[in-house]
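Novice: What follows is a single structure, and I will ask about it in a moment.
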Amino acid sequence: LVWDAMAMVCLMFELWSTTLESVFLAENDVPLMLEVLPRLVMLFFILDIGLNFFTGYIRGSRIILLRRSVVRHYFLTWFIIDLLATIPFNLLISPSLSLISLIRIAKVPKLAKTLHFLRMRKLMHISAVSYV
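All the letters of the sequence shown, read from the start, carry residue numbers 1257 to 1388 under the numbering used here.
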């Protein structure tokens, strides 16, 4: 639960900083905080990808914890979206592309990741209600 809350904070920071950078700041006028914190957020999401290989999932009313099943399920569901949302496109793509182009490229995976966390929150609420 704490990890998921941290993930939501990181997502909100990314949404805020991306908007701030693209709308209000010149490309060469980015404060140090907005250069360092996004890298820490990226590190957090890389760790999140690693941890998802060790975290069970819910199938029906059962919690599946078998490693092989967990890895297979993660690869078939959220791995590609998580990976695409974590890749630092601004570091990989040519500097000749504008920041706006990079934001458009990276927007869909980040939206999918946000929806993923909202879905997890809903599942946590359902499981909490079912134990009461």
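All residues carry an ideal CB built from backbone N, CA and C; glycine is no exception.
According to DSSP, is Ile1343 part of a helix, a strand, or is it coil?
Specialist: coil
Novice: Measuring only the C-alpha atoms, how far is Ile1343 from Cys1266?
Specialist: 15 Å
Novice: From what residue to what residue does the alpha helix (DSSP H) around Phe1331 run?
Specialist: 1323–1332
Novice: Which residues in the same chain have their Cβ closer than 7 Å to the Cβ of Arg1324, if we skip the five residues on either side of it in sequence?
Specialist: none
Novice: How about Val1297 and Glu1270: do their beta carbons lie closer than 7 Å?
Specialist: Judged by beta-carbon spacing, Glu1270 lies within the 7 Å limit of Val1297, meaning their Cβ atoms are closer than that value.
Novice: Roughly how many whole angstroms lie between the Cα atoms of Val1388 and Phe1335?
Specialist: Because Val1388 sits at a pLDDT of 43, beneath the cut-off of 50, its placement in the model cannot be relied upon, and the following sentence gives the value as read from the coordinates. Taking the straight line joining both Cα atoms gives about 32 Å.
Novice: Which value, in whole angstroms, describes the spacing of the CA atoms of Leu1290 and Val1258?
Specialist: 24 Å
Novice: Please confirm whether Ile1320 and Tyr1313 have their CB atoms less than 7 Å apart.
Specialist: yes
Novice: May I have the straight-line CA-CA distance separating Val1279 from Val1292, to the nearest angstrom?
Specialist: Approximately 19 Å between the Cα atoms of the pair.
Novice: Here's a check: name, in chain order, each residue in its chain whose Cβ is nearer than 8 Å to the Cβ of Ala1261, leaving out the five neighbours to either side.
Specialist: none
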